[in-house]
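Quick note, this note's numbering runs 2 ahead of the 1-based positions in the sequence shown. No residue lacks a Cβ here, since even glycine has one placed at the ideal position from N, Cα and C. Please read these numbers as outputs of a predicted model, since none were measured by experiment.
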Amino acid sequence: MKQPGKIAFWIFGMVVLAVVILQAGRYSFTQDNSSKNYGPSGTSAFLELIKQSGYKVTVDRSLTPRADKTLIIPAVDYNRKKLGKFISKLPSGSRVVVIDLPLPDFFGQKEPSLVPVPVNSKVTRKPVGKIEPGNLKHTTTDDALLENGNSTPVLVGPDEYESYADATFKNGVQLVELYNGNCATNKYLDASDNADILMGLISMAVRPGEDVTYVDSFATDDVEASLLTKLGRPYEAAWNQVLILLAVIFVTLSVRFGLAPQTRVQQRGGRELVDGLAFMTRRKKSARWALRAVFDRTLAEMERRHRVSREQIIQRPDHYMEAGDAMKLKLIEAATLDDITEQDAVRQANELKRLV
Numbered sequence: 003m004k005q006p007g008k009i010a011f012w013i014f015g016m017v018v019l020a021v022v023i024l025q026a027g028r029y030s031f032t033q034d035n036s037s038k039n040y041g042p043s044g045t046s047a048f049l050e051l052i053k054q055s056g057y058k059v060t061v062d063r064s065l066t067p068r069a070d071k072t073l074i075i076p077a078v079d080y081n082r083k084k085l086g087k088f089i090s091k092l093p094s095g096s097r098v099v100v101i102d103l104p105l106p107d108f109f110g111q112k113e114p115s116l117v118p119v120p121v122n123s124k125v126t127r128k129p130v131g132k133i134e135p136g137n138l139k140h141t142t143t144d145d146a147l148l149e150n151g152n153s154t155p156v157l158v159g160p161d162e163y164e165s166y167a168d169a170t171f172k173n174g175v176q177l178v179e180l181y182n183g184n185c186a187t188n189k190y191l192d193a194s195d196n197a198d199i200l201m202g203l204i205s206m207a208v209r210p211g212e213d214v215t216y217v218d219s220f221a222t223d224d225v226e227a228s229l230l231t232k233l234g235r236p237y238e239a240a241w242n243q244v245l246i247l248l249a250v251i252f253v254t255l256s257v258r259f260g261l262a263p264q265t266r267v268q269q270r271g272g273r274e275l276v277d278g279l280a281f282m283t284r285r286k287k288s289a290r291w292a293l294r295a296v297f298d299r300t301l302a303e304m305e306r307r308h309r310v311s312r313e314q315i316i317q318r319p320d321h322y323m324e325a326g327d328a329m330k331l332k333l334i335e336a337a338t339l340d341d342i343t344e345q346d347a348v349r350q351a352n353e354l355k356r357l358v
């Protein structure tokens, strides 16, 4: 039967593997302009600017955001169809500010064209665009969010005919859309008057001090959500409880609750004893001691074989072995009384083994 500690170890390993698989398959995207991205293409500074401007911000990062009354939605081009369906389901009287975010390769350009205010070291802080309700009817372009809808320019260029942002009122929803939201990214938010212009656009739909929901889920190119995300938040909460339960099982299987801890005594074996003696004799340069031990063991074997005493063997070794071997035994006995090198001790110990 396996020990509880090993079972707990395998359970813990499977839980870690399951968490890694779920996290790896949770989101897959090629573009991330969300407020969680602190890089150049992210919008974390834009979200902080909204909070510092007096708005009571609630961040919604779920794939199925709530249909609140006031919304600020940074959105990438890939999510436009999904965003259009979301806005069409908003209740009448809702106010929405949409910031169209750049394409993924925008930040690889050497000289990006930033609107509404161009980025140029020679340009002063005098804004090129101006925020004002326009009196000209302007039809939205083909890539606008609400196609074929009448809209009013609220941010125009120097010639006052080029619209950078429009205000649209459709199906009871007030929509302010900035067509090129490069200025909302971390890289360009502090350039020229970008921050002031963005806050001016937001104030057209939402007054400072009001509650506003910052929808962050449209700012990433989410390809596929995990199974738990599709099932909903209750199932995600249930999965978290399962993880906690497995962690508790892991702890309880590896701890002896109510019992005194067992102290295991490490027993030394014969190998450690031999190594210790070898180290001692090598350090003290006492190879003759080791040779003497082999010599005594050889005599004990000869006593058992010939059934005579050790003294008889030492006195008459030629009676129990050949003349040449008897002479070697005498020489080895004499060597055990003198200091010899390790090499000589090993050689003579091998000779003793051959004698018996």
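Work out the CA separation of residue j and residue i for me, nearest whole Å.
i: Val59; j: Met201; result: 14 Å
i: Phe297; j: Arg309; result: 18 Å
i: Arg63; j: Val217; result: 6 Å
i: Trp241; j: Asp195; result: 47 Å
i: Thr66; j: Thr265; result: 56 Å
i: Met16; j: Leu51; result: 43 Å
i: Asp192; j: Ile89; result: 30 Å
i: Val214; j: Asn188; result: 21 Å
i: Trp291; j: Arg318; result: 24 Å
i: Ile13; j: Leu245; result: 11 Å
i: Ala302; j: Arg273; result: 22 Å
i: Tyr166; j: Leu157; result: 5 Å
i: Ala207; j: Gly174; result: 13 Å
i: Gly183; j: Phe11; result: 51 Å
i: Asp168; j: Gly41; result: 28 Å
i: Thr300; j: Val253; result: 57 Å
Evaluate residue i with the Cβ neighbour count: other Cβ atoms within 10 Å of its Cβ, from every protein chain shown; 16 or more gives buried, anything less gives exposed.
i: Asp277; result: exposed
i: Ile74; result: buried
i: Val363; result: Past the edges of the chain, shown from 3 to 358, lies residue 363, and the structure says nothing about it.
i: Glu179; result: buried
i: Gln350; result: buried
i: Pro155; result: buried
i: Gly94; result: Residue 94 is actually Ser in this sequence, not Gly. Flag for Ser94 reads exposed.
i: Pro236; result: exposed
i: Asn352; result: exposed
In the DSSP assignment, the alpha helix (DSSP H) including residue i goes from what residue to what residue?
i: Phe220; result: Note, Phe220: premise wrong, no alpha helix (DSSP H); not H, not E.
i: Leu177; result: Segment 175-180 is the beta strand (DSSP E) holding Leu177; no alpha helix (DSSP H) there.
i: Ala69; result: It is not in any alpha helix (DSSP H) - Ala69 carries neither H nor E in the DSSP assignment.
i: Asp198; result: 196-207
Does the beta carbon of residue i sit closer than 7 Å to a beta carbon anywhere in chain B?
i: Arg312; result: Among the chains of the structure shown, chain B does not appear; only one protein chain is present.
Consult DSSP for residue i and reduce its assignment to one of helix, strand or coil.
i: Leu49; result: helix
i: Val22; result: helix
i: Ser37; result: coil
i: Leu191; result: coil
i: Ala10; result: helix
i: Val348; result: helix
i: Thr265; result: coil
i: Pro42; result: coil
i: Val244; result: helix
i: Pro411; result: With the chain covering 3 to 358 only, the question about residue 411 has no answer from this structure.
i: Pro155; result: strand
Measure how close the beta-carbons of residue i and residue j come, nearest whole angstrom, since I'm counting them as under 8 Å.
i: Ala69; j: Lys91; result: 6 Å
i: Leu85; j: Phe220; result: 5 Å
i: Leu233; j: Ile9; result: About 30 Å separates the two Cβ atoms, so there is no contact after all.
i: Thr222; j: Ser36; result: 5 Å
i: Ala186; j: Ile101; result: 5 Å
i: Glu305; j: Ile315; result: 7 Å
i: Lys71; j: Ser55; result: Incorrect: roughly 19 Å between the Cβ atoms, too far for contact.
The beta strand (DSSP E) that contains residue i, what's its start and end?
i: Lys83; result: No beta strand (DSSP E) contains Lys83, which is instead part of the alpha helix (DSSP H) from 82-90.
i: Arg312; result: Arg312 -> not in any beta strand (DSSP E); alpha helix (DSSP H) instead, spanning 312-317.
i: Ala167; result: 165-172
i: Asp102; result: 97-102
i: Asp62; result: 58-62
Cβ-heavy atom distance between residue i and the ligand FAD below 6 Å?
i: Ala77; result: In terms of ligand content, the structure shown is empty, and the ligand FAD therefore cannot be addressed.
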